[in-house]
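Peer 1: Note that my numbering has the sequence shown beginning at 329, numbered continuously upward.
Every residue, glycine too, gets a C-beta built ideally from N, C-alpha and C.
Computed from a predicted model, the values in this text were never measured in an experiment.
Below are the structure tokens for one structure; questions will follow.
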Amino acid sequence: MSDVVSYEVVGRTAVVTIRRADRMNALDEAVIQGLRSAWRRLEAGDEFSAILCAEGDRAFSVGADIKSPPAEMWQGVPGIGVQLSKPVIADVQGYCIGGAYILVQMCDFAVAADNTVFKYPEAQVGFTGGLIAGCAARIPQKIAMEFMLLGQDLSAERAYEVGMVNRVVPLGEQMDAAFEYAKILEVSAPLVVSTIKRFVDQTIPKSPAEAAALARDHLLGVRDSEDGAEGRAAFREKRPPRFRGV
Numbered sequence: 329m330s331d332v333v334s335y336e337v338v339g340r341t342a343v344v345t346i347r348r349a350d351r352m353n354a355l356d357e358a359v360i361q362g363l364r365s366a367w368r369r370l371e372a373g374d375e376f377s378a379i380l381c382a383e384g385d386r387a388f389s390v391g392a393d394i395k396s397p398p399a400e401m402w403q404g405v406p407g408i409g410v411q412l413s414k415p416v417i418a419d420v421q422g423y424c425i426g427g428a429y430i431l432v433q434m435c436d437f438a439v440a441a442d443n444t445v446f447k448y449p450e451a452q453v454g455f456t457g458g459l460i461a462g463c464a465a466r467i468p469q470k471i472a473m474e475f476m477l478l479g480q481d482l483s484a485e486r487a488y489e490v491g492m493v494n495r496v497v498p499l500g501e502q503m504d505a506a507f508e509y510a511k512i513l514e515v516s517a518p519l520v521v522s523t524i525k526r527f528v529d530q531t532i533p534k535s536p537a538e539a540a541a542l543a544r545d546h547l548l549g550v551r552d553s554e555d556g557a558e559g560r561a562a563f564r565e566k567r568p569p570r571f572r573g574v
């Protein structure tokens, strides 16, 4: 993993931690690529689920690092940057702003400490990446519009009331609560879990930005494959390509 994203295995659960507490866990390119690597490792490994968390009590993340923003935020988002058959549980505390909320939104479960504050201020600062539109498919439409357009603070309790999070617990207890979900998943049938997750993911409507990111991820997979490299080499060398399907 990277210096700013760690991957620890506890039993059959991966704990993926954003480690930029000095920058309130702001998302830069290193964090996004670290998350992408973590999701790839999760999908390829023996773990049954993952918990996504962040260092410190002040902020899960304040969103994109304005001094050094990531090139492609979507690459670090679970289920978009990497397709996942295994559930991800968000463990959230403090400020969760902008792109950080998108990370939580795309997790399968979310546990919030009672000091959590969600906020999406893009309409007030004049920028949006578009992935947030998927929020409208995951909570009531009028709540989604309130959250996305007004840029106001949304407390942990309010987030629970409107279905943004599964549980609210006292600060410091959110990891234990997340592991309660993970331990149930550890003794559940992996094939059934992955099938239900896939059915649910396919049922939830995709925002235009989300659909575009998914398509781009598939195209990058082809470009970066061995067959992609072989095709380019064969073209340069003016010979028939030897494709292997990988």
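Please go through the same chain and pick out, in chain order, the residues whose beta-carbon is closer than 6 Å to the beta-carbon of Val343, but skip the five residues on each side of it.
Peer 2: Glu336 and Ile379
Peer 1: Would you mind giving the Cβ-Cβ distance between Asp555 and Arg572, rounded to the nearest angstrom? I have them listed as a contact below 8 Å.
Peer 2: 6 Å
Peer 1: Could you please give the first and the last residue of the uninterrupted beta strand (DSSP E) stretch that includes Asp419?
Peer 2: Val416 to Val420
Peer 1: Does the beta-carbon of Phe388, which I'm using as the reference point, lie nearer than 6 Å to any heavy atom of the ligand NAD?
Peer 2: No copy of the ligand NAD occurs in the structure displayed, which carries no ligand at all.
Peer 1: In whole angstroms, what is the alpha-carbon distance linking Glu371 and Lys414?
Peer 2: Straight-line Cα distance between these residues: approximately 7 Å.
Peer 1: Comparing alpha-carbon positions, which option in Arg340, Tyr423 and Trp402 lies nearest Met434?
Peer 2: Closest by alpha carbon: Trp402.
Peer 1: Look up Ala378 in the DSSP assignment and give the residues it is bridged to.
Peer 2: Ala342 and Val416
Peer 1: Report buried or exposed for Arg364, applying the criterion of at least 16 other Cβ atoms within 10 angstroms of its Cβ.
Peer 2: buried
Peer 1: Among Ala349, Glu514, Gln411 and Ala505, which one has its Cα closest to the Cα of Asp442?
Peer 2: In terms of CA proximity to Asp442, Ala505 leads the group Ala349, Glu514, Gln411 and Ala505.
Peer 1: Between Arg351, Asp436 and Glu489, which has its C-alpha nearest Gln658's C-alpha?
Peer 2: It is not possible to answer for residue 658, since the shown part of the chain is limited to 329 through 574.
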